[in-house]
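Chemist:
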Amino acid sequence: MRGVDMKGLLPLKTYLYARLSTDTDLIALLGGLHIYDVVQEGASLPYIAYDQISSQRVHQLDAQMSEHILRLVIVARADSSLTTHNIMARLEQVFDELPANDDLTLGYELSSATLLSTCIEQVDFEVVKGVIEVKLLITGGS
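Anchor point for the sequence shown: position 76 equals 76 in full-length UniProt numbering, and the numbering is continuous, going up by one each time.
1) In the segment 60-126, which residue ranges form an unbroken beta strand (DSSP E) of at least 3 residues, counting only runs that do not cross its ends?
2) Under three-state DSSP, which class holds Thr-14?
3) Determine contact between the segment 69-85 and the segment 42-57, defined as no fewer than three beta-carbon pairs at a distance below 8 Å.
4) If we require 3 or more residues per run, which beta strand (DSSP E) segments fall completely within the segment 29-65?
5) Among Pro-99, Leu-104 and Leu-82, which one has its Cα closest to the Cα of Glu-121?
6) Is the separation between the beta-carbon of Leu-26 and that of His-68 shorter than 7 Å?
7) Exposed or buried, which one is Gly-130 when buried takes at least 16 other CB atoms within 10 Å?
8) Whole angstroms is fine: what's the gap from Pro-11's alpha carbon to Thr-22's?
9) For Glu-109 and Thr-139, I'd like the C-alpha separation in whole angstroms.
10) To the nearest angstrom, report how far apart Ile-35 and Leu-45 are at their CA atoms.
11) What distance in whole Å lies between the Cβ atoms of Phe-125 and Ala-113, which are believed to be in contact at a cut-off of 8 Å?
12) Using the Cα positions of Ala-28 and Asp-79, report the straight-line distance between them to the nearest angstrom.
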């Protein structure tokens, strides 16, 4: 039976923020530490915002895991769409390089990270938005 499973979401989001905020190449592309769980009005562009789309319990190889789908949104000025592409490419590389069974704290471990989709769209004459969706499987917790 599948159901909603929020276990491990906070350690996962904390881990993700720590990974992204310490990636010097990503921070250079953003022009500073512009990575948000909740975006404040007037945030400097470009920035990355991330949120949870879904969470559920899953079973793989007789192990119970939590599957979390996260969405990362990159927002930049339309005249810098190349920046959006470069930020998305760097994010893809960061997720590709996440080590399996990495410690998330509180007894949770990252089992795997899988890129699900990417897209870029020009919202209007001023803003370009890129979206990356990633599936993260975690194990553990009490």
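We put the beta carbon where it would ideally sit given N, CA and C, even for glycine.
Modeler: Checking against the coordinates, here is how it stands:
1) The qualifying runs are 63-77, 102-105 and 108-122.
2) Shown here, Thr-14 sits in a helix according to DSSP, grouped into three states.
3) The segment 69-85, when compared against the segment 42-57, does touch it at the 8 Å Cβ threshold.
4) Annotation: the segment 29-65 contains the following complete segments of the beta strand (DSSP E) (minimum length 3 residues), in chain order: 47-60.
5) With distances taken between CA atoms, Glu-121 lies nearest to Leu-82 out of Pro-99, Leu-104 and Leu-82.
6) no
7) buried
8) 16 Å
9) Going by C-alpha positions, Glu-109 is about 5 Å away from Thr-139.
10) 10 Å
11) In fact, because the Cβ distance is near 35 Å, the residues do not count as touching under 8 Å.
12) 18 Å
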